[in-house]
Amino acid sequence: MTLDTHVDLVSEYRALSVAVLAVLGLVFNIGTTVTTAGDAVLFLTVSVVVGYPLCTVFSLFSSRFWRDE
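Heads up, the sequence shown is in our numbering, so the first residue is 4 and it goes up one at a time.
Put into structure tokens, the structure is as follows:
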């Protein structure tokens, strides 16, 4: 029995989800970590660079362990 754990590396839904989470993190910024436009660009860049691969890994694990049979 083979397992079908195929997860696309490029997903529009995942990219949109990560972008929305990054913008929400910027809008509801608690504290003073983002004070200038450069800080905002850096925050969004780091959020997407870290968030997209992390969401891809979570998608892989969820398709592996919580698949419909």
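Even for Gly, the Cβ is constructed at its ideal location relative to N, Cα and C. Model, not experiment: these values are computed from the prediction.
- Our two residues, T36 and V30, have alpha carbons roughly 12 Å apart in a direct line.
- One Cα belongs to V23, the other to F68, and the distance between them is close to 26 Å.
- In the three-state reduction of the DSSP assignment, V13 falls in the coil class.
- According to the DSSP assignment, F68 belongs to the alpha helix (DSSP H) that extends over A40 to F68.
- Collapsing the DSSP output to three states places V21 in a helix.
- In the displayed model, G34 falls within coil according to three-state DSSP, outside both helix and strand.
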